[in-house]
Amino acid sequence: MRPLRMTALIGGKRYSTDLATLIADDAEQNPEGKSQFLFRTKAGDYFVQHRTYAESCFDAAHDWMQPMSEVDALMLYWELPERLVPVEQAFPK
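481 is the number of the first residue of the sequence shown in this note's numbering; add one for each residue after it.
Below you can see the structure in the form of structure tokens.
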């Protein structure tokens with residue numbers, strides 16, 4: 481499963497998978513049909529996209545995005561098996 485192109489306005493901030501960098505995920509390791517994709521925006525904000533596999537396009541959408549604090553994003557980064565960006569780049573000081 482891959483991340484879905486998605487934009488959401490949450491708490492007055494705009495989060496877009498098109499404008500952010502994918503830093504980690506569990507897409508290849510998750511047999512349950514649920515995946516998480518961790519992103520970092522250019523402004524340094526973090527969010528996770530939750531995806532659920534659907535058999536049919538008629539199934540209700542189960543994909544959503546959630547903003548995360550840097551601390552929560554760092555913890556999720558280490559939990560996800562596929563790290564696409566080195567930790568130093570994903571969480572610069």
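Backbone N, C-alpha and C define an ideal beta-carbon position, used for all residues, glycine too.
Do you know offhand how far residue i's Cα is from residue j's?
i, j, result
"residue 571", "residue 550", "8 Å"
"residue 563", "residue 528", "14 Å"
"residue 575", "residue 534", "Outside the shown range of the chain (481 to 573) lies residue 575, about which nothing can therefore be said."
"residue 568", "residue 530", "24 Å"
Cutting at 7 Å between CB atoms, please list the residues of its own chain near residue i, excluding the five before and the five after it.
i, result
"residue 560", "504, 505, 506, 516 and 518"
"residue 520", "500, 501, 503, 526 and 570"
"residue 553", "518 and 526"
Less than 6 Å between C-beta atoms, sequence neighbours within five positions excluded: which residues of the same chain meet that for residue i?
i, result
"residue 542", "532"
"residue 514", "532"
Assuming contact is defined by CB atoms lying nearer than 8 Å, are residue i and residue j in contact in what I supplied?
i, j, result
"residue 566", "residue 490", "no"
Who are the near neighbours of residue i in its chain, counting only those whose CB is closer than 8 Å to its CB and skipping five residues on each side?
i, result
"residue 484", "497, 529, 531 and 543"
#### Entry: 4-residue-minimum alpha helix (DSSP H) runs that sit fully inside the stretch 496-569, ordered along the chain
Listed in chain order, the complete alpha helix (DSSP H) runs (minimum 4 residues) inside the stretch 496-569 are 550-559.
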